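In our numbering, the protein residues as written are 1 to 180.
The beta-carbon is built from N, C-alpha and C at its ideal position, and this holds for glycine as well.
Note that this is a predicted model, so its numbers are computed, not measured.
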């Protein structure tokens, strides 16, 4: 029996850096929302550039937008595990500490969109293991975003759901909480 998925986004055009936002918008007060997805290379070439993240949904971006290149988004890169989030206060654009992910790996993002900005969080999971880099102080409204780079690459959204409670744990080795 085939695995049921929410949707699959396949890059059909030969374009570099193809980024899309995933609806619906998630707003302050929505609680804990989790998305699970897997990247694939339909030509089995493992052309590795892939990113997932969130973007302030009030920010308009082009389909060639690079997540994390500014203060409006965060990107988690599969090739090296780096997190990108560039602000005026940032020393480095790339934050190291999360594991890299491959095609076929289950990647999960979990946001807590609490009404209080200081309690809004973003956590990353790889193969159900919480990663050490997380964010606090998210914008009032966000969307999940994904980026693929090559024709024939895809991302499958396995699930997107509201949770009653966060699944995060507090005792992650080398944890870093980054202010949005």
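(message) Using the three-state DSSP reduction, which class does residue 118 fall into: helix, strand or coil?
(response) In the structure shown, the three-state DSSP call for residue 118 is helix.
(request) Check whether the Cβ atoms of residue 104 and residue 85 sit closer than 8 Å, and answer yes or no. (result) No, the Cβ-Cβ distance between residue 104 and residue 85 is not below 8 Å.
(message) Three or more C-beta pairs under 8 Å: does that hold for the stretch 163-177 against the stretch 138-146?
(response) No, the stretch 163-177 does not touch the stretch 138-146.
(request) Report yes or no: do three or more beta-carbon pairs, one from the stretch 37-49 and one from the stretch 106-123, lie closer than 8 Å? (result) Contact holds between the stretch 37-49 and the stretch 106-123, because three or more Cβ pairs, one in each stretch, are under 8 Å apart.
(message) Restricting to Cα atoms, I'd like to know which of 154, 70, 94, 135 is closest to residue 87.
(response) For the options 154, 70, 94, 135, the alpha carbon positioned closest to that of residue 87 is the one of 70.
(request) Identify, in the order they occur along the chain, each residue of the same chain with its Cβ nearer than 8 Å to the Cβ of residue 59, setting aside the five sequence neighbours on each side. (result) The residues are 72, 73.
(request) Please classify residue 61: does DSSP put it in a helix, a strand, or coil? (result) Three-state DSSP puts residue 61 in coil, outside helix and strand.
(message) I'd like to know if the stretch 142-157 and the stretch 48-57 are in contact, where contact means that at least 3 CB-CB pairs between them fall below 8 Å.
(response) Because the criterion of three Cβ pairs below 8 Å is met, the stretch 142-157 and the stretch 48-57 touch.
(message) My output table needs one value for residue 88: the three-state DSSP class, helix, strand or coil.
(response) It is coil, neither helix nor strand.
(message) Tell me whether residue 170, by its Cβ, gets closer than 7 Å to a heavy atom of the ligand FMN.
(response) Absent from the structure shown: the ligand FMN. Ligands present: none.
(request) Output the distance between the C-alpha atoms of residue 18 and residue 123, rounded to the nearest integer angstrom. (result) So the two alpha carbons sit approximately 23 Å from each other.
(request) State the Cα-Cα distance for the pair residue 156 and residue 22, rounded to the nearest angstrom. (result) Whole-angstrom Cα-Cα distance: 12 Å.
(message) Among the candidates 171, 79, 25, whose CA atom is the shortest distance from the CA of residue 102?
(response) Checking every option, the nearest Cα to that of residue 102 belongs to 79.
(message) For residue 57 and residue 25, which I take to be in contact (beta-carbon distance under 8 Å), what is that distance rounded to the nearest angstrom?
(response) Between residue 57 and residue 25, the beta carbon gap of about 5 Å places them in contact (Cβ cut-off 8 Å).
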